[in-house]
Amino acid sequence: MLKNMDYVYAVYENKSFSKAAQQLYISQPALSAAIKKVEEEIQLPLFDRSCNPIQLTPAGEYYIESTEKIMAIEKEMAAHFNSLSNQGTVHVGSASFFCAYILPTIVQDFKVRFPGYSVNLLEANADDLVKCLRSGIVDIILDVEKLDANSFNPRVWAAEQIVLAVPAAYEINRRLANYRLTFADMGRGRYREQTCPQVSLKQFEQEPFLLLEKGNDMYQRGLKMCRQAGFVPKVAMYLDQMLTAYYIACSGKGVTFVRAGVTHYLEPTNKLFFYKTDDENAVRNIMLYCKKSQPLSQIGNDFINFMQEREFAM
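With full-length UniProt numbering applied, the sequence shown closes on residue 314, and no number is skipped along the way.
Below, the structure written as structure tokens:
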């Protein structure tokens, strides 16, 4: 019954026999036969195949629940033995910005302190990160989303400032010359100073906006900030990642919200001006999350503690 546990779980995750077969690198008939064998052993169907996508039956729900418990025990046992030998691997998921510019330095320094440990990084969007954490693909995620406190343990890592990036060629920059910040100003941390001028988003009501897609914190946050300023933004484009929106803004296609810290890691540009807004929602926490239902391994705890010792320009 347990021999085909991974097969059943793959079908559950993908909600499709064909997609699960591709993920497992086996043929769909072979996968179907393996699932059928499990169902014959327990004398109950695991999936309702009349639905599209397929759904779990009550027996299937119990099977998956039990499978996740077994997987958690196996993972905890491996982590325990790894901690005894000062070895092991922690899997960390985050958005592209953190994977490209923040985490590599942290991982490199972490390896110096803990040479027996390994860290694997996984880049994904917000929704996929949560799925990966739930399924155990990653142990920790670095995220700005607010996740279910009943399912995940949150730890605040840092706070970051959100600013509006505006193509330098836009006429509005001349009208707001006393408020605009250059890339060099941002790099010097001008946005952190109390004397840094703040502007109302209402000034940008007529500009085309580049927003992140639904499911991203910046989608809801950006809309909320605009509405509190008294308007609904004219959205020119929806993007999946903030860095993509940033580079499209550089090409003059619209204004976009970006984390202020991005200017500490990217190549200088004179194609954008930046504005600090007067909205309290322009500051948000960057969180570290792990699953409540599964104790974090020693290496996982060591990695989180190590991260919380570090300060990065945000």
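Don't be surprised by glycine CBs; every beta carbon is placed ideally from N, CA and C.
Reference residue i; option with closest CA among the options
{"i": "residue 294", "options": "45, 76 and 46", "result": "76"}
{"i": "residue 257", "options": "244, 267, 59 and 156", "result": "244"}
{"i": "residue 160", "options": "263, 53 and 236", "result": "263"}
{"i": "residue 237", "options": "252, 224 and 292", "result": "252"}
{"i": "residue 125", "options": "88, 259 and 141", "result": "141"}
{"i": "residue 235", "options": "8, 193, 207 and 63", "result": "207"}
{"i": "residue 254", "options": "105, 108 and 233", "result": "233"}
{"i": "residue 246", "options": "100, 172, 210 and 74", "result": "210"}
{"i": "residue 93", "options": "107, 158 and 139", "result": "139"}
{"i": "residue 148", "options": "130, 218 and 199", "result": "130"}
{"i": "residue 287", "options": "195, 98 and 214", "result": "98"}
{"i": "residue 214", "options": "229, 241, 201 and 59", "result": "241"}
{"i": "residue 310", "options": "110, 196 and 10", "result": "110"}
{"i": "residue 184", "options": "273, 17 and 216", "result": "273"}
{"i": "residue 91", "options": "135, 168, 277 and 62", "result": "135"}
{"i": "residue 56", "options": "72, 173, 222 and 17", "result": "17"}
{"i": "residue 270", "options": "301, 281, 168 and 102", "result": "168"}
{"i": "residue 137", "options": "72, 173 and 195", "result": "72"}
{"i": "residue 118", "options": "101, 88, 133 and 173", "result": "88"}
{"i": "residue 157", "options": "10, 292, 102 and 108", "result": "102"}
{"i": "residue 63", "options": "7, 27, 227 and 182", "result": "7"}
{"i": "residue 201", "options": "227, 177 and 219", "result": "227"}
{"i": "residue 128", "options": "146, 150, 151 and 95", "result": "95"}
{"i": "residue 163", "options": "299, 221, 48 and 14", "result": "221"}
{"i": "residue 225", "options": "114, 13, 35 and 277", "result": "277"}
Where residue i sits in the DSSP three-state scheme
{"i": "residue 196", "result": "coil"}
{"i": "residue 46", "result": "coil"}
{"i": "residue 230", "result": "coil"}
{"i": "residue 300", "result": "helix"}
{"i": "residue 182", "result": "coil"}
{"i": "residue 25", "result": "coil"}
{"i": "residue 94", "result": "strand"}
{"i": "residue 72", "result": "helix"}
{"i": "residue 56", "result": "strand"}
{"i": "residue 189", "result": "coil"}
{"i": "residue 238", "result": "strand"}
Exposed unless 16 or more other CB atoms sit within 10 angstroms - verdict on residue i
{"i": "residue 308", "result": "exposed"}
{"i": "residue 42", "result": "exposed"}
{"i": "residue 116", "result": "exposed"}
{"i": "residue 144", "result": "buried"}
{"i": "residue 70", "result": "exposed"}
{"i": "residue 81", "result": "exposed"}
{"i": "residue 25", "result": "exposed"}
{"i": "residue 30", "result": "exposed"}
{"i": "residue 297", "result": "buried"}
{"i": "residue 21", "result": "buried"}
{"i": "residue 231", "result": "exposed"}
{"i": "residue 216", "result": "buried"}
{"i": "residue 105", "result": "exposed"}
{"i": "residue 283", "result": "exposed"}
{"i": "residue 304", "result": "buried"}
{"i": "residue 175", "result": "exposed"}
{"i": "residue 195", "result": "exposed"}
{"i": "residue 112", "result": "exposed"}
{"i": "residue 180", "result": "buried"}
{"i": "residue 259", "result": "buried"}
{"i": "residue 192", "result": "exposed"}
{"i": "residue 51", "result": "exposed"}
{"i": "residue 165", "result": "buried"}
Element boundaries [beta strand (DSSP E), containing residue i]
{"i": "residue 290", "result": "283-291"}
{"i": "residue 275", "result": "272-277"}
{"i": "residue 256", "result": "255-259"}
Chain C contact for residue i (CB, 9 Å cutoff)
{"i": "residue 92", "result": "Judged by its chain identifiers, the structure shown contains no chain C, having just a single protein chain."}
Residue range of the alpha helix (DSSP H) that includes residue i
{"i": "residue 265", "result": "Taken as a continuous stretch (DSSP letters only), residue 265 belongs to no alpha helix (DSSP H), as it is neither H nor E."}
{"i": "residue 4", "result": "No alpha helix (DSSP H) holds residue 4; DSSP gives it neither H nor E."}
- Query: What are the start and end residues of each continuous alpha helix (DSSP H) run of 4 or more residues lying completely inside the stretch 196-223, in chain order?
  - Reply: Within the stretch 196-223, no complete alpha helix (DSSP H) run reaches 4 residues.
- Item | In chain order, each alpha helix (DSSP H) run of at least 4 residues that lies wholly inside the stretch 106-174 | Whole alpha helix (DSSP H) segments, 4+ residues: 126-135.
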